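This report concerns only the one structure given below.
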Amino acid sequence: MSENQALPADEEDELYEHHRIVADRGQTLMRIDHYLKHHLSNVTRTKLQNAIETESVKVNDKAVKSSYKIKPLDVITISMPHPPRETDIVAEDIPLDIIYEDDEVLVLNKPAGMVVHPAYGNWTGTVVNALVYHFQHLPTGRNGEARPGLIHRIDKDTSGLLVIAKTEYSMAHIARQFFEHTTERTYNALVWGEPKETEGTIVGHIGRSARDRKVMDVYEDGSQGKHAVTHYKVLKSFKYVSLVQCNLETGRTHQIRAHFQHIGHPLFSDPVYGGDKILRGTTSGSYRAFVENCFQLMPRQALHAKSIGFEHPRTKKRMQFESELPADFQAVLAKWEKYASE
Numbered sequence: 002m003s004e005n006q007a008l009p010a011d012e013e014d015e016l017y018e019h020h021r022i023v024a025d026r027g028q029t030l031m032r033i034d035h036y037l038k039h040h041l042s043n044v045t046r047t048k049l050q051n052a053i054e055t056e057s058v059k060v061n062d063k064a065v066k067s068s069y070k071i072k073p074l075d076v077i078t079i080s081m082p083h084p085p086r087e088t089d090i091v092a093e094d095i096p097l098d099i100i101y102e103d104d105e106v107l108v109l110n111k112p113a114g115m116v117v118h119p120a121y122g123n124w125t126g127t128v129v130n131a132l133v134y135h136f137q138h139l140p141t142g143r144n145g146e147a148r149p150g151l152i153h154r155i156d157k158d159t160s161g162l163l164v165i166a167k168t169e170y171s172m173a174h175i176a177r178q179f180f181e182h183t184t185e186r187t188y189n190a191l192v193w194g195e196p197k198e199t200e201g202t203i204v205g206h207i208g209r210s211a212r213d214r215k216v217m218d219v220y221e222d223g224s225q226g227k228h229a230v231t232h233y234k235v236l237k238s239f240k241y242v243s244l245v246q247c248n249l250e251t252g253r254t255h256q257i258r259a260h261f262q263h264i265g266h267p268l269f270s271d272p273v274y275g276g277d278k279i280l281r282g283t284t285s286g287s288y289r290a291f292v293e294n295c296f297q298l299m300p301r302q303a304l305h306a307k308s309i310g311f312e313h314p315r316t317k318k319r320m321q322f323e324s325e326l327p328a329d330f331q332a333v334l335a336k337w338e339k340y341a342s343e
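This is the structure we're talking about:
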């Protein structure tokens, strides 16, 4: 992207159609870049060229080059990483944990509790507010969309890595990788219980719940939602909870959280998906006090975006980044490891 409650988040990968133009019956042959420059307002030659190079522009559902000549009744579509959205963004001097930066991309380590982009109920204090302050020329010009540099998202209370584009070309190029699922994203999660298989794959369409629009449900029959696939591996079991590694084949809103709840192993301390209750072990005595202490140490879902890999938009080299588990996650793991060994 991926889990801001107000909008689709964590792990949602989509390209949204921003323009659809049908050439007139009497259209004379004209290069597509020249044609679009005449038909789209407030668009620069550079933006058009970047969109064409990254295959965001298609004619009759096929990617074309700048030299393609438009013919009568050709259907031209332009798709972008996010739907158009117009919102004023307040620049805020918020520190960012930047683990990599060059002329094209940034890789940030987002703390838990920080919303990725402004939305209802969270107009300030977000990653985007900080980006606007620290970086003055991030790509923002897609039909007024107010998400400068943003390619994907993770939930407010999920910690970990985010990739930010610094140019229009990088935005389109990396967004295409997310859309085609050629990025590599690994998460660490602490889940209730012990999955029957130490390695497995969870498959099930994910869509918004009819009962609560803030929650995602899994529809195994595919009747609703979007196809979603999560691969997992148990890294360590502590009898009542397990540390798992998750690799995303698709990216949907709340994918990991919804998938693990669906198989009976909600994420530890996840209030939205029922993980903030004691789901394994006794509900009284010293064990209850121990678990409640863990909840206090980590009052959020135990989910961390640990690594990300993608092709650099300019050099074409494979880039791979990792981040350590944050202090609250490490503290809870240490407590469970000690408890399991006693």
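Every position in the sequence shown, counted from 1, becomes a number in my numbering once 1 is added. Don't be surprised by glycine CBs; every beta carbon is placed ideally from N, CA and C. It should be emphasised that the depicted structure is a prediction, and the values quoted were computed from it without experimental measurement.
#1: By the 10 Å Cβ neighbour count, where 16 or more other Cβ atoms means buried, how is H255 classified, buried or exposed?
#2: Check whether the segment 298-308 touches the segment 157-176, counting contact only when three or more Cβ pairs, one atom from each stretch, lie closer than 8 Å.
#3: Taking 8 Å as the threshold, find out whether the segment 256-273 comes into contact with the segment 179-191 through three or more Cβ pairs.
#4: Just to confirm before moving on: does the CB-CB distance between H40 and I22 stay below 7 Å?
#5: For H228, which residues from the same chain have a beta carbon less than 7 Å from its beta carbon, with the 5 sequence-adjacent residues on both sides left out?
#6: Could you round the C-beta distance between I95 and A131 to whole angstroms and report it? I think they count as a contact, below 8 Å.
#7: Mapping DSSP to helix, strand and coil, what is H118?
#8: Among R319, T199, L49 and V106, which residue has its Cα nearest to the Cα of K237?
#9: If you run the structure through DSSP and keep just helix, strand and coil, what is L139?
#10: When you compare only the Cα positions, how much space is there between Q6 and P73?
#11: Give me, in chain order, the residues of the same chain whose beta-carbon lies closer than 6 Å to that of A1; leave out the 5 immediate sequence neighbours on both sides.
#12: In whole angstroms, what is the alpha-carbon distance linking Q225 and R212?
#13: Jot down the residue ranges of each uninterrupted beta strand (DSSP E) in the segment 40-109, minimum 3 residues, whole runs only, in chain order.
#14: Please state whether DSSP places N243 in a helix, a strand or coil.
#15: Output the boundary residues of the alpha helix (DSSP H) element that contains F269.
#16: Report the residue from V133, I203, E195 and Y233 whose alpha carbon sits nearest the alpha carbon of Q246.
#17: Cutting at 7 Å between CB atoms, please list the residues of its own chain near I279, excluding the five before and the five after it.
#18: Going by C-alpha distance, which of K59, E169, G275 and K336 is nearest N294?
#19: Using three-state DSSP, classify V333 as helix, strand or coil.
#20: Terminal residues of the continuous beta strand (DSSP E) containing S238?
#21: Buried or exposed: which applies to L151, given that a residue is buried once 16 or more other Cβ atoms fall within 10 Å of its Cβ?
#22: Could you tell me which residues DSSP puts in a beta bridge with L162?
#23: Just how far apart, CA to CA, sit A24 and V76?
#24: Taking contact to mean 3 or more Cβ pairs, one atom from each stretch, closer than 8 Å, check whether the segment 44-62 and the segment 101-113 are in contact.
#25: Less than 6 Å between C-beta atoms, sequence neighbours within five positions excluded: which residues of the same chain meet that for T55?
#26: If we require 4 or more residues per run, which alpha helix (DSSP H) segments fall completely within the segment 155-202?
#27: Does H153 pass the burial test, meaning 16 or more other C-beta atoms within 10 Å, or should it be called exposed?
#28: Output the distance between the C-alpha atoms of Y241 and Q262, rounded to the nearest integer angstrom.
#29: With I257 as the anchor, note down where its alpha helix (DSSP H) starts and where it stops.
#30: List the endpoints of the continuous beta strand (DSSP E) containing G208.
#31: Between the alpha carbons of L30 and G114, how many angstroms are there, rounded?
#32: For I99 versus V133, is the C-beta spacing smaller than 7 Å?
Answer, in terms of the structure:
#1: Along the sequence shown, one-based indexing puts residue 255 at 254. Classification of H255: buried, given that the 10 Å Cβ count is 16 or more.
#2: yes
#3: yes
#4: Residue numbering aside, residue 40 sits at position 39 when the sequence shown is read from its first letter. Residue numbering aside, residue 22 sits at position 21 when the sequence shown is read from its first letter. Contact flag set, yes.
#5: Looking up residue 228 in the sequence shown gives position 227. H206 and T251.
#6: Start at 1 with the first residue of the sequence shown, and residue 95 comes out as number 94. Start at 1 with the first residue of the sequence shown, and residue 131 comes out as number 130. That belief holds up - the Cβ atoms of I95 and A131 are roughly 4 Å apart, short of 8 Å.
#7: To locate residue 118, count along the sequence shown from 1; it is residue 117. Three-state DSSP puts H118 in coil, outside helix and strand.
#8: Position 236 of the sequence shown holds residue 237. When only C-alpha atoms are compared, the closest one is T199.
#9: Here the question's residue 139 lines up with position 138 in the sequence shown. In the three-state reduction of the DSSP assignment, L139 falls in the coil class.
#10: Position 5 of the sequence shown, counted from the start, is the residue given in the question as residue 6. Position 72 of the sequence shown, counted from the start, is the residue given in the question as residue 73. Note that Q6 scores a pLDDT of 31, beneath 50, so its modelled location is shaky; the value from the coordinates is reported in the next line. Cα to Cα, the separation comes out at about 45 Å.
#11: No information on residue 1 is available, as it lies outside the stretch 2 to 343 that the chain covers here.
#12: If you number the sequence shown from 1, residue 225 lands on position 224. If you number the sequence shown from 1, residue 212 lands on position 211. Between Q225 and R212, the C-alpha separation is close to 14 Å.
#13: Those beta strand (DSSP E) runs which fall completely within the segment 40-109 and span 3+ residues are 58-60, 76-81 and 99-102.
#14: Walking along the sequence shown from the start, residue 243 turns up at place 242. The residue asked about is misnamed: residue 243 is Ser in this sequence, not Asn. S243 sits in a strand when the DSSP states are folded into three classes.
#15: Translated into the one-based positions of the sequence shown, residue 269 becomes position 268. Premise fails: F269 is in no alpha helix (DSSP H) and is neither H nor E.
#16: As a first step, residue 246 must be located in the sequence shown, where it is residue number 245. Ranking V133, I203, E195 and Y233 by Cα distance to Q246 puts Y233 first.
#17: For the purposes of this step, residue 279 is taken as residue 278 along the sequence shown, with counting starting at 1. Excluding sequence neighbours, I279 sits near R289 and V292.
#18: Counting from 1 along the sequence shown, the entry for residue 294 is found at position 293. With distances taken between Cα atoms, N294 lies closest to K336.
#19: The residue you call residue 333 lines up with position 332 of the sequence shown. Helix.
#20: Here residue 238 refers to the residue found at position 237 of the sequence shown. Counting along the chain, the beta strand (DSSP E) containing S238 begins and ends at V230 to S238.
#21: Indexing the sequence shown from 1 puts residue 151 at position 150. The residue in question, L151, is buried, as its Cβ has 16 or more Cβ neighbours within 10 Å.
#22: Walking along the sequence shown from the start, residue 162 turns up at place 161. N110.
#23: Position 23 of the sequence shown, counted from the start, is the residue given in the question as residue 24. Position 75 of the sequence shown, counted from the start, is the residue given in the question as residue 76. Our two residues, A24 and V76, have alpha carbons roughly 7 Å apart in a direct line.
#24: With the cut-off at 8 Å, the segment 44-62 and the segment 101-113 do not touch.
#25: Looking up residue 55 in the sequence shown gives position 54. For T55, where only same-chain residues beyond five positions count, the Cβ hits under 6 Å are A173, H174 and R177.
#26: 169-180
#27: Start at 1 with the first residue of the sequence shown, and residue 153 comes out as number 152. Buried.
#28: For the purposes of this step, residue 241 is taken as residue 240 along the sequence shown, with counting starting at 1. For the purposes of this step, residue 262 is taken as residue 261 along the sequence shown, with counting starting at 1. Distance between the alpha carbons of Y241 and Q262: 15 Å.
#29: Along the sequence shown, one-based indexing puts residue 257 at 256. Run containing I257: Q256 to H263, per the alpha helix (DSSP H) assignment.
#30: For the purposes of this step, residue 208 is taken as the residue at position 207 of the sequence shown. Segment H206 to R209, the beta strand (DSSP E) holding G208.
#31: Position 29 of the sequence shown holds residue 30. Position 113 of the sequence shown holds residue 114. The straight-line gap from Cα to Cα measures roughly 54 Å.
#32: Taking the first residue of the sequence shown as 1, we reach residue 99 at position 98. Taking the first residue of the sequence shown as 1, we reach residue 133 at position 132. Using a Cβ distance threshold of 7 Å, I99 and V133 do not count as a contacting pair.
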